[in-house]
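Numbering (UniProt numbering), first residue to last: 1 to 369. Where a beta carbon is used, it is the ideal one built from N, C-alpha and C, also for glycine. The structure appears right after this line, and notes come after that.
As structure tokens, then:
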């Protein structure tokens, strides 16, 4: 099932930008329809005996984990929403394909975060009010997925199957969007000679689609996902590393903005004071979460329960350092930094840097005139 989903999202992503724009509008409609159907169905169909009171939803606390400290258990519970509320920089990865990117990309990032926060709260509250009070039974369900058990309890067999299938299709649409963002980021790194095998990954198709980068990301996702069949702890470590990598990437420009005084504001700017406070708060919060992601889920972990994210992180860092500083063939011998503007891209494209058939959108073409 997982492999089929990966192949399906790969096929949904190998289209030119004009087609992807229309598909993304359809995906947004699917997401909104899923949101309305999910909330409405649960609120209407859930039996009265399973509906919880506001006092239970907002004041009841149950520590169902293995950490005896309730305070630490609360902090560890941050990890799930942290994993969900991420990737809001995805709009930046497709900035080269956007018109008026200086305004459109920041607006997309902020609006996506606000919309995700509001809709996320709506879904969480719906589940909390409709899941009943048997939390241990939901967590230890033989179905393997607590949400599937909640849907079965509230909607019955046929209703739960229908809503979960709709949820799966909505997730496929979401995965397609994420694959677009990840493949464009991979292509950008390869175009700038920042990845092993850049000469292969930077080539575009005849329709100006980074098909090779898309396939590379899809195969990587498939391999990582299949690790779950071997050891779920291993895949959890990789998932944690994914968030740690994102937070590290988020923090670096914010730290530079706080330390150095040569920051040049863009079109979308909150002002000196609010921008500084926001940057400082973000660095502190993400540093705290970064440390949390290194801890195991169990208080006294054995070999099978240990969080090996630090091991994976160490391997990645060592590989990157060796790849960059390796004599004669390392990245320092050829990497000169990213191509920052489309003008630079055209000026250096004497040897097919971005492959063949790199086409400018209307905004980029107008900027060269």
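So what does residue i bridge to, in DSSP terms?
| i | result |
| --- | --- |
| residue 317 | DSSP lists no partner for residue 317. |
In this structure, how does DSSP classify residue i when only helix, strand and coil are distinguished?
| i | result |
| --- | --- |
| residue 300 | coil |
| residue 70 | helix |
| residue 126 | helix |
| residue 47 | coil |
| residue 32 | helix |
| residue 193 | coil |
| residue 236 | helix |
| residue 98 | coil |
| residue 14 | coil |
| residue 63 | coil |
| residue 185 | helix |
| residue 149 | helix |
| residue 311 | helix |
| residue 22 | helix |
| residue 331 | helix |
| residue 268 | coil |
| residue 106 | helix |
| residue 163 | helix |
| residue 142 | coil |
| residue 224 | helix |
| residue 291 | helix |
| residue 56 | helix |
| residue 118 | helix |
Could you check which residue in the options has the C-alpha nearest to that of residue i?
| i | options | result |
| --- | --- | --- |
| residue 131 | 243, 43, 23, 320 | 43 |
| residue 282 | 296, 168, 256, 186 | 256 |
| residue 59 | 284, 303, 129, 13 | 129 |
| residue 102 | 82, 169, 265, 47 | 265 |
| residue 150 | 25, 124, 170 | 124 |
| residue 20 | 327, 313, 62, 179 | 179 |
| residue 305 | 56, 65, 48, 11 | 65 |
| residue 245 | 291, 141, 72 | 291 |
| residue 267 | 196, 195, 107 | 107 |
| residue 285 | 55, 9, 50, 251 | 251 |
| residue 38 | 289, 122, 260, 145 | 122 |
| residue 3 | 78, 220, 334 | 220 |
| residue 193 | 170, 29, 41, 333 | 333 |
| residue 296 | 77, 49, 32, 24 | 77 |
| residue 289 | 80, 33, 12 | 80 |
| residue 8 | 175, 228, 50 | 175 |
| residue 254 | 271, 273, 236, 278 | 278 |
| residue 40 | 96, 57, 50, 126 | 126 |
| residue 85 | 55, 120, 91, 72 | 120 |
| residue 248 | 301, 313, 263, 260 | 313 |
With residue i and residue j assumed to form a contact (beta carbons below 8 angstroms), what rounded beta-carbon distance in angstroms separates them?
| i | j | result |
| --- | --- | --- |
| residue 183 | residue 190 | In fact, because the Cβ distance is near 10 angstroms, the residues do not count as touching under 8 angstroms. |
| residue 15 | residue 177 | Not really, about 13 angstroms apart at Cβ, beyond 8 angstroms. |
| residue 93 | residue 185 | 4 angstroms |
| residue 378 | residue 133 | Since the first residue shown for the chain is 1 and the last is 369, residue 378 is missing from the structure and cannot be characterised. |
| residue 196 | residue 204 | At roughly 19 angstroms, the Cβ-Cβ gap does not stay under 8 angstroms, so residue 196 and residue 204 are not in contact. |
| residue 6 | residue 143 | 23 angstroms between Cβ atoms; not a contact. |
| residue 34 | residue 170 | 4 angstroms |
| residue 237 | residue 307 | 6 angstroms |
| residue 229 | residue 309 | Not confirmed; about 20 angstroms, so no contact. |
Please list, in chain order, all residues of the same chain as residue i whose beta carbon is under 6 angstroms from its beta carbon, the five residues on each side excluded.
| i | result |
| --- | --- |
| residue 113 | 88 |
| residue 391 | Residue 391 lies beyond the range of the chain shown here (1 to 369); nothing can be said about it. |
What residues in its chain sit with their C-beta under 7 angstroms from that of residue i, if we drop five residues either side in the sequence?
| i | result |
| --- | --- |
| residue 46 | 130, 154 |
| residue 280 | 258 |
| residue 217 | 179, 182, 183, 186 |
| residue 135 | 62, 64 |
| residue 299 | 66, 67, 68 |
| residue 214 | 10, 13, 14, 179, 183 |
| residue 138 | 131, 146, 149, 150 |
With a threshold of 7 angstroms (Cβ to nearest heavy atom), would residue i be considered close to the ligand GDP?
| i | result |
| --- | --- |
| residue 132 | No copy of the ligand GDP appears in this structure; indeed no ligand is present at all. |
Under 8 angstroms Cβ to Cβ from residue i, same chain only, skipping five residues before and after it: list those, please.
| i | result |
| --- | --- |
| residue 83 | 239, 243 |
| residue 148 | 141, 160, 164 |
| residue 75 | 292 |
| residue 50 | 130, 131, 132, 153, 154 |
| residue 73 | 63, 65, 67 |
Counting contacts by CB-CB distance shorter than 8 angstroms, is residue i in contact with chain D?
| i | result |
| --- | --- |
| residue 119 | No chain D is part of this structure, which consists of one protein chain only. |
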